[in-house]
Amino acid sequence: MAEQTEFDVVIIGAGIAGASLACELSPEVSVLLLEMEAQPGYHSTGRSAAMFVDTYGPPPIRALSRASADFLENPPEGFSEGPLLSRRGVIMIARQDQLTSLENMIADLSDSGDVRRLDAEETESAIPILRKGYAAAGFANDRVSDIDVNALHQGYLRKFRFSGGSLKPAQEVIKLERTSNDWHITTPDASYKAKKIVNAAGAWADFIGELAGATPIGLIPKRRTAMVVTAPSDINSDRWPMVIDIDEQFYLKPDAGRLLISPADETSSPPCDVQPDELDVAICVDRIETAFDLPIRRIENKWAGLRSFVEDKCPVCGFDESIEGFFWLAGQGGYGIQTAPALAKIAACLVMKRDVPQEFIDHGVNIADLSPQRDTLKTKIKENLKRRMS
Numbered sequence: 005m006a007e008q009t010e011f012d013v014v015i016i017g018a019g020i021a022g023a024s025l026a027c028e029l030s031p032e033v034s035v036l037l038l039e040m041e042a043q044p045g046y047h048s049t050g051r052s053a054a055m056f057v058d059t060y061g062p063p064p065i066r067a068l069s070r071a072s073a074d075f076l077e078n079p080p081e082g083f084s085e086g087p088l089l090s091r092r093g094v095i096m097i098a099r100q101d102q103l104t105s106l107e108n109m110i111a112d113l114s115d116s117g118d119v120r121r122l123d124a125e126e127t128e129s130a131i132p133i134l135r136k137g138y139a140a141a142g143f144a145n146d147r148v149s150d151i152d153v154n155a156l157h158q159g160y161l162r163k164f165r166f167s168g169g170s171l172k173p174a175q176e177v178i179k180l181e182r183t184s185n186d187w188h189i190t191t192p193d194a195s196y197k198a199k200k201i202v203n204a205a206g207a208w209a210d211f212i213g214e215l216a217g218a219t220p221i222g223l224i225p226k227r228r229t230a231m232v233v234t235a236p237s238d239i240n241s242d243r244w245p246m247v248i249d250i251d252e253q254f255y256l257k258p259d260a261g262r263l264l265i266s267p268a269d270e271t272s273s274p275p276c277d278v279q280p281d282e283l284d285v286a287i288c289v290d291r292i293e294t295a296f297d298l299p300i301r302r303i304e305n306k307w308a309g310l311r312s313f314v315e316d317k318c319p320v321c322g323f324d325e326s327i328e329g330f331f332w333l334a335g336q337g338g339y340g341i342q343t344a345p346a347l348a349k350i351a352a353c354l355v356m357k358r359d360v361p362q363e364f365i366d367h368g369v370n371i372a373d374l375s376p377q378r379d380t381l382k383t384k385i386k387e388n389l390k391r392r393m394s
């Protein structure tokens with residue numbers, strides 16, 4: 005039998021965004037999922053230390069997170085072998101000079117009902133290795149959970165294939181051409197036709213948009229460094245909460261008997277197989293040793309990933325205005341894992357040109373906040389074009 009080369013939808017990028025949308029669409033239409041790497045999720049998805057924090061990020065992100073909570077807490081039968089979430093909790097800590105930031109965030113989150121303010125003594129009691137006197141206060145959110153990123157990603161891919169979807173790894177898109185009725189997609193090994201294209205290419209999304217002749221969204225990939233170090237041998241750290249500096253200068257969380265630490269860096273980077281910078285590693289060690297009684301003698305593992313943002317740090321989800329049949333699903337930043345269930349369902353409705361279900365609106369999702377045509381994106385893109393021409 006000849007291999008299928010014509011599809012209703014071709015999705016470019018098999019990370020969490022592309023995989024989740026492919027899963028949602030495949031029961032209705034023929035879908036091809038193209039991935040440039042040999043393994044889906046090699047870049048941002050596979051390097052994420054994701055947490056479910058529905059009070060994290062700007063309001064549109066919080067709405068998407070709330071709308072994703074039920075799926076993550078109660079995945080469909082057979083989706084994964086175990087739970088996708090395990091309760092962790094988080095404590096945000098502040099030095100004396102950071103108390104204004106702490107109070108502002110507590111006020112911002114007051115409607116959630118999940119935040120408890122902690123004084124210095126309570127903060128130190130909750131974090132056994134916190135240096136005495138370092139934190140003036142903190143706040144706790146006990147509803148925060150670890151996300152099993154691999155289980156979530158593989159669950160979507162498995163369900164996609166079960167529904168008849170086709171996954172093609174190691175297929176980098178090198179040419180996109182729009183005819184009167186179809187898209188022609190070329191890789192080094194094959195060519196395909198589709199009625200619609202979804203750009204879920206992560207850090208490479210603006211490059212794919214350029215290939216298609218679409219309006220750029222001003223995507224900025226940013227490097228985030230992480231590493232694993234030995235946990236104290238005399239204390240069981242498994243049930244410690246995640247600890248985050250209130251100004252996001254570092255974080256620390258238990259990880260399979262060890263500790264995962266990060267300087268929470270956001271350094272602009274071109275799309276690439278990003279690696280940790282030794283300066284960021286040194287900065288991380290210094291910040292962690294300053295805040296915690298945790299001498300770091302050896303780093304067991306270190307890596308970096310790209311978190312890609314647009315100007316307002318909200319995802320871009322919708323059809324391009326300048327070229328027919330080209331759909332953006334990009335710019336998820338550091339929120340892509342925890343918002344994937346809701347964003348995939350919303351994107352599927354938009355791709356199929358259906359109304360978005362009321363349940364998402366009830367959670368506070370405003371589709372206009374995700375549109376490629378929203379004012380915050382258009383203004384920034386115009387500024388960038390003027391700068392280039394001057």
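In terms of the numbering used here, the sequence shown opens at residue 5 and continues consecutively.
Ideal Cβ positions, reconstructed from N, Cα and C, are used throughout, including at glycine.
Using alpha carbons as the reference points, say which of the options lies closest to residue i.
{"i": "Ile327", "options": "Asn203, Ser105 and Ala308", "result": "Asn203"}
{"i": "Lys146", "options": "Pro64, Val94 and Gly22", "result": "The sequence as given places Asp at residue 146; Lys does not occur at that position. Nearest option by C-alpha distance: Val94."}
{"i": "Val369", "options": "Leu29, Lys349, Thr383 and Thr380", "result": "Lys349"}
{"i": "Glu61", "options": "Gly338, Ala372 and Ile131", "result": "The identity of residue 61 in the sequence shown is Gly, whereas the question assumes Glu. Closest by alpha carbon: Gly338."}
{"i": "Thr234", "options": "Ile292, Lys197 and Thr190", "result": "Ile292"}
{"i": "Glu181", "options": "Arg70, Gly168, Lys197 and Pro345", "result": "Lys197"}
{"i": "Asp284", "options": "Asp359, Thr229, Glu41 and Arg302", "result": "Thr229"}
{"i": "Lys243", "options": "Val13, Ser90, Ser167 and Phe11", "result": "The question names Lys, but residue 243 is Arg in the sequence shown. Nearest option by C-alpha distance: Ser90."}
{"i": "Ile365", "options": "Ser69, Val33 and Ala23", "result": "Ser69"}
{"i": "Phe166", "options": "Cys276, Tyr255 and Glu32", "result": "Glu32"}
{"i": "Met231", "options": "Ile287, Val177, His188 and Phe211", "result": "Ile287"}
{"i": "Asp316", "options": "Phe11, Val289 and Asp379", "result": "Asp379"}
{"i": "Gly45", "options": "Tyr160, Ala194, Ile300 and Asp58", "result": "Tyr160"}
{"i": "Thr191", "options": "Val314, Phe11 and Met40", "result": "Met40"}
{"i": "Asp123", "options": "Glu107, Asn108 and Ala141", "result": "Ala141"}
Any idea which residues DSSP pairs residue i with across the strands?
{"i": "His188", "result": "Glu181 and Lys197"}
{"i": "Met55", "result": "Asp150"}
{"i": "Gly309", "result": "Arg228"}
{"i": "Gly322", "result": "Trp332"}
{"i": "Gly142", "result": "Ile97 and Leu122"}
{"i": "Glu41", "result": "DSSP, once it has assigned bridges, lists no residue as partnering Glu41."}
{"i": "Glu10", "result": "Lys197"}
{"i": "Met246", "result": "Val94"}
{"i": "Lys257", "result": "Leu264"}
Can you grab the Cα-Cα spacing for the pair residue i / residue j, in whole Å?
{"i": "Gln253", "j": "Ala205", "result": "28 Å"}
{"i": "Glu85", "j": "Thr49", "result": "19 Å"}
{"i": "Phe83", "j": "Leu76", "result": "11 Å"}
{"i": "Ala18", "j": "Ala216", "result": "19 Å"}
{"i": "Ser149", "j": "Ala352", "result": "26 Å"}
{"i": "Glu125", "j": "Leu381", "result": "44 Å"}
{"i": "Lys179", "j": "Asp186", "result": "14 Å"}
{"i": "Ala268", "j": "Thr104", "result": "20 Å"}
{"i": "Ser72", "j": "Arg262", "result": "29 Å"}
{"i": "Ser304", "j": "Ala260", "result": "In the sequence as displayed, the identity of residue 304 is Glu instead of Ser. Near 13 Å, if we compare the C-alpha coordinates of Ala260 and Glu304."}
{"i": "Phe296", "j": "Asp112", "result": "27 Å"}
{"i": "Asp281", "j": "Glu7", "result": "43 Å"}
{"i": "Ile131", "j": "Ser241", "result": "10 Å"}
{"i": "Leu347", "j": "Pro274", "result": "25 Å"}
{"i": "Asp115", "j": "Val177", "result": "45 Å"}
{"i": "Ile189", "j": "Ala207", "result": "19 Å"}
{"i": "Phe313", "j": "Pro80", "result": "30 Å"}
{"i": "Glu363", "j": "Ala209", "result": "29 Å"}
{"i": "Glu107", "j": "Leu88", "result": "32 Å"}
{"i": "Gln102", "j": "Phe211", "result": "39 Å"}
Please return the same chain residues whose Cβ sits closer than 6 Å to the Cβ of residue i, not counting the five positions on each side in sequence.
{"i": "Leu374", "result": "Pro319 and Cys321"}
{"i": "Val278", "result": "Arg227, Ala308 and Leu310"}
{"i": "Pro258", "result": "Ser241, Asp242 and Trp244"}
Whose C-beta lies closer than 8 Å to the C-beta of residue i among residues of the same chain, with five residues either side of it excluded?
{"i": "Glu325", "result": "Thr219, Pro376 and Gln377"}
{"i": "Glu128", "result": "Leu134, Lys136 and Ala139"}
{"i": "Gly213", "result": "Asn203, Thr219, Pro220, Ile221, Asp324, Phe330 and Trp332"}
Note down, in chain order, each residue of its chain lying with its Cβ closer than 7 Å to the Cβ of residue i, except the 5 sequence neighbours on either side.
{"i": "Ile110", "result": "Val119, Arg121 and Phe143"}
{"i": "Ala67", "result": "His367, Gly368 and Val369"}
{"i": "Ile300", "result": "Val233, Val289, Ile292 and Glu293"}
Inspect the beta-carbon positions of residue i and residue j and report whether they are closer than 8 Å.
{"i": "Ile250", "j": "Ile97", "result": "yes"}
{"i": "Ile65", "j": "Ile341", "result": "no"}
{"i": "Phe331", "j": "Ile201", "result": "yes"}
{"i": "Ala344", "j": "Gly169", "result": "no"}
{"i": "Leu38", "j": "Gln175", "result": "yes"}
{"i": "Leu156", "j": "Val355", "result": "no"}
{"i": "Pro173", "j": "Gln43", "result": "yes"}
{"i": "Val35", "j": "Ile16", "result": "no"}
{"i": "Pro236", "j": "Leu298", "result": "yes"}
{"i": "Leu333", "j": "Ala21", "result": "yes"}
{"i": "Met246", "j": "Arg99", "result": "no"}
{"i": "Ile248", "j": "Gly335", "result": "no"}
{"i": "Val153", "j": "Ser52", "result": "yes"}
{"i": "Phe164", "j": "Ala372", "result": "no"}
{"i": "Thr9", "j": "Ser184", "result": "no"}
{"i": "Lys199", "j": "Asp12", "result": "yes"}
Strictly under 8 Å for the Cβ-Cβ distance: is residue i near chain C by that measure?
{"i": "Val202", "result": "Absent from the structure: chain C. Only one protein chain is present."}
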